[in-house]
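*Asks:* Pasting in a structure now, in structure tokens, and then I'll have a few things to ask.
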Amino acid sequence: MKLFQHLQEFANNATIGFVLSLMLFNYAYADNVVSVEEYKQSRKVVVDTQKAELCFADTQDCHKVLIGKATPKGVFPLTLHTTTKKGYGGEIIGFKEEKDFLFALHRVWLGKPSERRQERILSNNISDRIMTNGCINVSDSVYEKLRQYFVLEVI
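The opening position of the sequence shown corresponds to residue 4 in the working numbering, with each subsequent residue numbered one higher.
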């Protein structure tokens, strides 16, 4: 009889321990999900359309960019896409899709030399840098850094 009681107590304690472990796991998991979301939000870039400038929110490091009058404003998740189209270096970072158009951050597109994009991105004249169809063109070094970010805010 005592052996049966000990086994029953052991089973009850094991069940309670298992349930408590599950509760702690769920709490820890939920806490990590929040931490992942917080981390993603901390890896944000902000494009100011009035300045044609991109700033990394965590470092306050800002860079001139090419934008367009159609560049959408808002907060968007960043998604890496591969592409075989010439002039994009094999990939782009998409941020908003509409019907047949993907707005993206990408390296300066050089497909039409008469647009002088490489020259214009260096210009201190903001109006020189407002000239795309809505995508945001950045230098190669900025693009490489952008690959580690998750959120774009366009203001």
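From the three backbone atoms N, C-alpha and C, an ideal C-beta is built for every residue, glycine too.
E100 bridges to which residues according to DSSP?
*Replies:* L105
*Asks:* Given this structure, state the Cα-to-Cα distance separating K102 from F79, to the nearest angstrom.
*Replies:* In a straight line, the C-alpha of K102 is about 17 Å away from that of F79.
*Asks:* May I ask you to report which of helix, strand or coil DSSP gives I139?
*Replies:* strand
*Asks:* Compare the C-alpha of L149 against each of N127, R132, F98 and W112 and name the closest.
*Replies:* F98
*Asks:* Go ahead and pull the three-state DSSP assignment for I70.
*Replies:* strand
*Asks:* Would you check if the region 56-74 and the region 135-142 touch, i.e. whether three or more CB-CB distances between them fall below 8 Å?
*Replies:* yes
*Asks:* Curious, which full-length alpha helix (DSSP H) runs of at least 4 residues does the region 113-139 contain?
*Replies:* 120-123
*Asks:* Assign I95 to buried or exposed, taking buried as 16 or more other Cβ atoms, counted over all protein chains shown, within 10 Å of its Cβ.
*Replies:* That one is buried.
*Asks:* Can you tell me the Cβ-Cβ gap for A55 and I129, rounded? I've got them flagged as a contact below 8 Å.
*Replies:* Contact holds; Cβ gap of about 5 Å.
*Asks:* Kindly indicate which three-state DSSP category N78 falls into: helix, strand or coil?
*Replies:* Per the sequence presented here, residue 78 reads as Val, with Asn not at that position. Three-state DSSP puts V78 in a strand.
*Asks:* So for V48, helix, strand or coil by DSSP?
*Replies:* strand
*Asks:* CB-CB under 8 Å to D61, same chain, minus the five flanking residues each way: which ones, in chain order?
*Replies:* Taken in chain order, the residues that qualify are S45, R46 and K47.
*Asks:* Apart from the five residues on each side of it in sequence, which residues of its chain come closer than 6 Å, Cβ to Cβ, to C65?
*Replies:* E56 and C58
*Asks:* Suppose you measure from the CA of V145 to the CA of Q151; what does that come to, to the nearest Å?
*Replies:* 11 Å
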